[in-house]
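>
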Amino acid sequence: DQQVKQNSPSLSVQEGRISILNCDYTNSMFDYFLWYKKYPAEGPTFLISISSIKDKNEDGRFTVFLNKSAKHLSLHIVPSQPGDSAVYFCAASGGSNYKLTFGKGTLLTVNP
Amino acid sequence: ETGVTQTPRHLVMGMTNKKSLKCEQHLGHNAMYWYKQSAKKPLELMFVYNFKEQTENNSVPSRFSPECPNSSHLFLHLHTLQPEDSALYLCASSQVGGGPTNEKLFFGSGTQLSVL
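Chains as they are written, first to last, in this note's numbering: chain A, 1084 to 1195; chain B, 270 to 385.
#1: Starting from the N-terminal side, write out each stretch of the beta strand (DSSP E) that is 3 residues or longer and does not extend beyond the stretch 288-330 of chain B.
#2: When you compare only the Cα positions, how much space is there between A/Gly-1143 and A/Pro-1162?
#3: Would B/Met-301 be called buried (16 or more neighbouring beta carbons within 10 Å of its own) or exposed?
#4: Short check: CB of A/Asn-1090 to CB of A/Asn-1105, under 8 Å?
#5: A/Pro-1123 touches chain B at which residues, Cβ-Cβ below 9 Å?
#6: Below 6 Å CB to CB, which residues in the same chain sit around B/Ser-307 once its five sequence neighbours on both sides are set aside?
#7: How about A/Lys-1137: is its C-beta nearer than 8 Å to some C-beta of chain B?
#8: Show which residues of chain B have a CB atom less than 9 Å away from the CB atom of A/Phe-1172.
#9: Taking only three categories from DSSP, how would you classify B/Glu-336?
#10: Report yes if the CB atom of B/Lys-321 is closer than 8 Å to the CB atom of B/Ser-340, and no otherwise.
#11: So, is B/Thr-380 buried or exposed, given that buried needs 16 or more other C-beta atoms within 10 angstroms?
#12: Using DSSP with H/G/I as helix, E/B as strand and the rest coil, what is A/Asp-1138?
#13: Helix, strand or coil: how does DSSP classify A/Gly-1177 here?
#14: Considering just the uninterrupted stretch of the beta strand (DSSP E) at A/Thr-1109, what are its terminal residues?
#15: Spell out whether any CB of chain B is found under 8 Å from the CB atom of A/Leu-1156.
#16: Taking Cβ positions, are A/Tyr-1115 and A/Ser-1134 nearer each other than 8 Å?
#17: Please decide whether B/Ser-341 counts as near chain D, where near means a Cβ-Cβ distance under 8 Å.
#18: Examine the Cβ distances between the stretch 1154-1174 of chain A and the stretch 1116-1132 of chain A and report whether three or more of them are shorter than 8 Å.
Quick look at the structure:
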């Protein structure tokens, strides 16, 4: 049973527009959420995170929103740039378990 | 050198071969991990080492054998693999303890493994 779900395998947006990547989770013990970005032939790199005590965290063009009641988080990228084209993984951890549980990833393509 | 380095980047092996993947972290972290990434699947945690002690084996077949001689080095020994084991194998490290903000994973670039 997948505890972290990214239901959109791919997303395509125009340069300059907003990209919204979604993630749902089922484990109510999760209290820390992260987004990783992965380019082909490279390992994932940490992008942004959010603790369950917050509902929003912003870092430059990247904002993560957390809706605990819906067990949903989203990553907003504004404005999107072609260099943002990559696979984005949502991950979560919680309780006494520090291990991260990952989603399947969403391939974002930003078209010039 | 900084970060997490993995060698080799690419590996092709036959089902009867024995090979090893190597990972080294230069971040002073106390935990190291092996992950497997197959196409269209989530990243699958294989093994966790915390302070050189294996703390998790996620039901991984015995044809995968990890070794962690110290907190900076991690190996994955491979023998008699199957074609379905072809995947990207990622090593990661983190600093465990001190709260969740310390538990971000830092990944290497991975070894793309093909089993023929």
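Positions of the beta carbon are idealized from the N, C-alpha and C atoms, including for glycine.
Here's the rundown:
#1: Fully enclosed beta strand (DSSP E) runs of 3 or longer: 300-306, 313-319 and 322-326.
#2: In a straight line, the C-alpha of A/Gly-1143 is about 10 Å away from that of A/Pro-1162.
#3: B/Met-301 should be labelled buried.
#4: Against a cut-off of 8 Å, the Cβ pair of A/Asn-1105 and A/Asn-1090 comes out as a contact.
#5: None at all; the shortest Cβ gap to chain B is about 10 Å.
#6: Cβ within range, chain order: Ala-356.
#7: So no, A/Lys-1137 is outside the interface.
#8: Against A/Phe-1172, the close residues of chain B are Pro-311 and Leu-312, in the order they occur along the chain (beta-carbon pairs closer than 9 Å).
#9: B/Glu-336: strand per DSSP, three-state reduction.
#10: Yes, Cβ-Cβ distance for B/Lys-321 and B/Ser-340 is below 8 Å.
#11: Residue environment for B/Thr-380: buried (at least 16 other C-beta atoms within 10 angstroms of its C-beta).
#12: Here A/Asp-1138 sits in coil by DSSP.
#13: Here A/Gly-1177 sits in strand by DSSP.
#14: Following the DSSP letters along the chain, one finds A/Thr-1109 in no beta strand (DSSP E), marked with neither H nor E.
#15: No, because no Cβ of chain B sits closer than 8 Å to the Cβ of A/Leu-1156.
#16: Cβ atoms of A/Tyr-1115 and A/Ser-1134: closer than 8 Å.
#17: Protein chains A and B are contained in the structure displayed, whereas chain D is not.
#18: Result yes; three or more Cβ-Cβ pairs closer than 8 Å.
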